Structures are given as C-alpha cells and as structure tokens.
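Protein chains in written order, with this note's numbering: chain A, 131 to 408; chain B, 131 to 408.
Even for Gly, the Cβ is constructed at its ideal location relative to N, Cα and C.
This one's a predicted model, so the numbers in the text were calculated from it and none came from an experiment.
Reviewing the structure listed below.
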DNA sequence: CTGATGATGGAATGTTTATTCCATTTCTCC
DNA sequence: GGAGAAATGGAATAAACATTCCATCATCAG
C-alpha cells in the first residue's frame, strides 16, 4: 500500500504564482506520462495560461483537454477556470493600468516633460526585458568568479558609462570590496595602482571611449583579468577582454536610461561580494 | 438630413490600440448618454478589457451589458469578443514570456548572479511603473520652467545620488546647456560658482546627505531657485526647495536600480534643453 | 399635445468553453 | 499470463458568456 504517495491527491490550491511553481516542482517525476506532459508544457508557458482556453493549452501541450483538466485538479484547483484565475490576477496586478497611464502621459503633447518621462520609462522597460531575455548566464558566472578572486577591482567608465562605474564604486565600498574608480580626475596616474592579482571591470558603449580601451589593454598586458560590460555586437572588443558581457540598452532620442546596464552591474557587484564572504 | 453625421455608423475595426484610441477621440461628444458613459469608462480602463467579461466592464461602467455591446459595434467591431481580441493580443505581445524568463532566472538558485539580475530587473520595473503612476506633472512642468530660465544649472548629488548627478552633467553638456557638477573633488570650493540667475538641481535620498542639504540651503539663501529630486515623503525637505520632485525607487536588498530616478532626471534635462532652444 | 425617431434595459437565445463520465487501453504486480 | 488498478481519449453535459430582440421610455419637431 503506497501510503506515502498521497501528496498526489488534492489539497488546497496554490494562491500565488510562486506557490504554483513549488507545487509543480514537488510533483515533477511522480506523474503519469500524459500529466507530466501537461506539467512540462505549463511550466514552460506559464503566462500563456491567462489568455488561453483549456482547448488551446491542451492542443499546445499535445494532450486531450480532459488530461489538462485532470492536471489542474492534481495541482489542487477545482478545474481550469480556477487555475486560470490565478494567472489572470497576477497579470492584472503586474500592469495596473500602467499602459493607460503611459498613454495618457504621452498624450501630454510632444516635447512636454511628461511625454518624455513616458518615453524614457518605456525605453527602460524594454531594455530590462531585453536583458532578462538575452542574458548570457555562463559569461555572467565566469565574470563573477573572476572578479571574486581579484584582490582589488579596478573600475573604468567614462562619459555616459561613468555614472555606472561610479555607482559600482559606491556599491563595492558599501559591500566591503576593495575597488578603485579610475575617474581620470588627476590624469591617468591611477594606472600605477594596477597590480598583479587585481582585476579590471570596464564599461564602455559604442563609440568606445579610447581611455577605457587603453586601460583595458594595459591591464591585459600586465596579466590582469579584464571583464568588459558593453553593448552588442562586441566583436571589436573581444580581444581586449577575458569576459565580455553585453547588454542591449534601448535609446530614446540620443540618450539611454541605463536601467539594464545598472541592473546588470549591480548584480555583478552583489554576486561578487557574496562569493567573497563565503 | 444629417448626411455628415454618419461617422457614427460602422466601418472596419481598429487594428491597433493606438487606432482604438483615435476612434475613441473621434467619437467623443457625439454619443448619446449611455454610450458616452461606456466610452469614458473604457478610455480610463483600457487594459482591464483584455481580462474581463462584458458583464464585468458593463457593471464597472454602470451600464447594462447591452449598452456595452452597442458601444463595441459603434467602435467598428462585430461585438465584444472581437474588441477583446485586440487587447488580448496587445497584452500577450507586451510580455513575450518575459515573466517566465524572469522566473527561470530566479530559479537559478539563491545568491546566484542570474537570480540577482532577475531581482534587480523586477525592482527596476516596479520603480518605473510607480514613476509613471505617481508622477506629479504640475511639479515637473514647474521644475522645467524654473531650470530653463537659469543661466547655469548647478548639480548636486553625493553617494548613491552621485551617478545620477554625473549623468545629468554629461547629458546637459551634450545638449549645450551650461551645467556645473558639484562633485566635491576639490573640497567645497565650487560653492563660489553659485551666482544670481543660476539654479540648483539637487538629488538626495533618505538618509539625506548633509552636503546636499547644505548646498541647497546656501543656494536658497543666495536667492537661487532650487529643484530637489528625492523620495517620498519629502516633508523634511520642503523648506529648502522651491520644487520637490519625488520618485519611489524600489530597493532590492540594500541597493536600488536607480531606473526611475534616471528616467525622471533625463526627462527633466531634455525638456529643459528643448525649452531653451525655442 | 401628438406622432415619429432614437435610446434604453432586461429577458431570451445561441455560442463558446469548461467539466464530467465512461468505455477502452495501458500498466503493475503476483 | 492474468486480475486488478490506474490512466487515457473522446463524447456527453453543464456552465459561462456574448449577442440579439423587443417592449418601454425619452426626446423633439410640428
């Protein structure tokens, strides 16, 4: 008698998307073939549920609708409708008339300040979505490894990359990680601070700043590992860096919001600090 | 015979949300009472249509379902279902499995770098949505007026606000607007640059930096207009500034992505430059 | 005041979609 | 290899929903 296999049987339904994922993981492997097929498909297309009918989801998962219904019940819901409600609520909380508000701001009239806010917010959102979509996790992990091993981290970023570099400098300081911001205030004298065992984190976007590239080349020549944060395609830059992280930042007009770049840079910093502490 | 009032009668349906808005504007004022009520409500809750039934939107608009149906037809659709399809498609294009991707990143494991990226992206998105939602357009316009009249714009921002101030410095330079970044590199000597006819744009978040507040107080004493960019509630700061712009930045861990702050600051800069050129 | 035109609300209808049921197949364990 | 249990697919049913229709009400010109 399989008395300990009853986690399969119903219980009360997940009330958040996170809880839903948990239940999905809990069930993984213990399900019969068709239901596992449902689980796999649903796990990969969570957001399509909010807007699709059972028939559509079932067809996409290549199972009959009745199998999908059983799946919903095993997940703890009374049926598909109840499961769908969870995702619909999550979706409507996600954008609480945000689109409308943006449109209203944009309608404020060309050149008006609130229109600009809407545009920059939109550009920032797209940039961050692109980051989430295209992030190269492998390179990111390697970059963290590499920087975590460095004694001192040197930061390079000029012109529009300077805000990012200076923010990193602040964050590293708060996190207790030794970092030097090469801000060029007193000429290039800081270059003498480059020592074996250090690493360089350089940030530059096309058209690349000469100072940054020169610094990277110097560091490379001195045998220091170099991590480069830039925009794709980074073909020209591959030779001067050990790891290249790319981030697609959407411009509005001539300027970019830097949202995605900062998010990536911050993550890098926090991950490096966490790695060091252990 | 009202031969020129036939724009009310059907034609082919709007195929984009923008076209939908146009048609809405075109119809405005020419509709009988109940239908106008529908139009008003729909205009204000565009995104709720994708997820609601006729009965729900009708109830929210305080009209019977049949009135809502008539409204759909006047908009050019065959009925509510067709109208809803437009918004559902817009919604699913808007987040192309972005939520799923984020969740996958988060699942990478606590402390892992890609998890952090997901968290910072999420925080950034929320911050920007909050900005779009809560932006005080009046204050923004006043700030633009005020800064556009200044001969030179002084920029103050230290610690975590420094990246924003330095980016503004870069942007103003590109835009040909005279601006001075008070970066404190050479002590506080730059204070002597404050002259009548200038204005100060200060950025600071709780806990407020003393330098920034002191500079603002000085500027105020010298009769210069002061615009302050900070987080709500800004009660303590109201006395030292002419205009206070607030922006809610969501933290993740101890750090913030600055997305919303930068978007607002950039908009301010571009609007000021545009105003000056005319 | 009256008749015509248009607007309105609610009940009736038809369609889509979820859900259940059951006959058949597939596994599992002895 | 066979008995029992579980799983499966598809057809039948039920629920939710959109849509239409019509009787009633308001508006306005003459």
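Return helix, strand or coil for residue 309 (chain B), following the three-state DSSP convention. strand
Using a Cβ-Cβ cutoff of less than 7 Å, which residues in the same chain neighbour residue 302 (chain B) once the five nearest sequence positions on both sides are dropped? Excluding sequence neighbours, residue 302 (chain B) sits near 283, 309 and 399.
Identity of the residue in A:365, A:332 and A:267 nearest residue 414 (chain A) by Cα: Since the displayed chain A opens at 131 and closes at 408, residue 414 (chain A) lies outside it and no answer follows.
Could you compute how far the alpha carbon of residue 258 (chain B) sits from the alpha carbon of residue 163 (chain A)? 43 Å
Where DSSP assigns a beta bridge to residue 286 (chain B), which residues make up the other side? Here residue 286 (chain B) is bridged, per DSSP, to B:312 and B:332.
State yes or no: is the beta carbon of residue 184 (chain A) nearer than 8 Å to at least one beta carbon in chain B? no
Can a CB atom of chain B be found closer than 8 Å to the CB of residue 387 (chain A)? For residue 387 (chain A), the closest Cβ of chain B is nearer than 8 Å.
Short CB-CB distance (under 8 Å) between residue 271 (chain A) and chain B: The beta carbon of residue 271 (chain A) sits closer than 8 Å to some beta carbon of chain B.
Determine whether the beta carbon atoms of residue 313 (chain B) and residue 335 (chain B) lie at a separation below 8 Å. No. Outside cutoff.
With three or more C-beta pairs closer than 8 Å as the rule, is the segment 179-199 of chain A touching the segment 141-150 of chain A? With a cut-off of 8 Å, the segment 179-199 of chain A and the segment 141-150 of chain A do not count as touching, because too few Cβ pairs lie within range.
Tell me which same chain residues have a C-beta within less than 6 Å of the C-beta of residue 372 (chain A), skipping the five on either side of it? Cβ neighbours of residue 372 (chain A) within its own chain (closer than 6 Å, five residues either side excluded): 355 and 356.
Beta-carbon proximity check, residue 395 (chain B) vs residue 251 (chain A), cutoff 8 Å: no
Determine, for residue 192 (chain B), whether the minimum Cβ-Cβ distance to residues of chain A falls below 8 Å. no
Determine, for residue 356 (chain B), whether the minimum Cβ-Cβ distance to residues of chain A falls below 8 Å. It does not; no Cβ of chain A falls within 8 Å.
Would you grab the beta carbon distance between residue 374 (chain A) and residue 269 (chain A) for me? Rounded to a whole angstrom, and I think it's under 8 Å. 7 Å
Pair within 8 Å by beta-carbon distance, residue 307 (chain A) and residue 403 (chain A): yes
Check whether the Cβ atoms of residue 154 (chain A) and residue 173 (chain A) lie closer than 8 Å to each other. Yes, Cβ-Cβ distance for residue 154 (chain A) and residue 173 (chain A) is below 8 Å.
Is residue 274 (chain B) helix, strand or coil when you go by DSSP? Helix at residue 274 (chain B).
Proximity test, Cβ basis, 8 Å: residue 317 (chain B) and chain A: With a pLDDT of 49 at residue 317 (chain B), under the threshold of 50, the modelled position of that residue is not reliable, and the figure given next carries that caveat. Residue 317 (chain B) is outside the set of residues whose beta carbon lies under 8 Å from a beta carbon in chain A.
Closest residue to residue 329 (chain B) among B:378, B:383, B:271 and B:285 (Cα-Cα distance): B:285
Just reading off the beta strand (DSSP E) that residue 376 (chain A) is part of, what are its end residues? 373-376
Could you list the residues in the segment 274-290 of chain A with a C-beta less than 8 Å from some C-beta on chain B, going in chain order? 274, 289 and 290
Roughly how many angstroms separate the alpha carbons of residue 363 (chain B) and residue 370 (chain B), rounded to a whole number? 14 Å
So, for residue 220 (chain B): in the same chain, excluding its five sequence neighbours on each side, which residues have a beta-carbon less than 7 Å away from its beta-carbon? 147
Hey, does residue 149 (chain B) have any beta-carbon neighbour from chain A nearer than 8 Å? no
Can you check which of these residues, B:261, B:243 and B:168, is closest to residue 271 (chain A) by C-alpha distance? Among B:261, B:243 and B:168, the Cα nearest to that of residue 271 (chain A) is on B:243.
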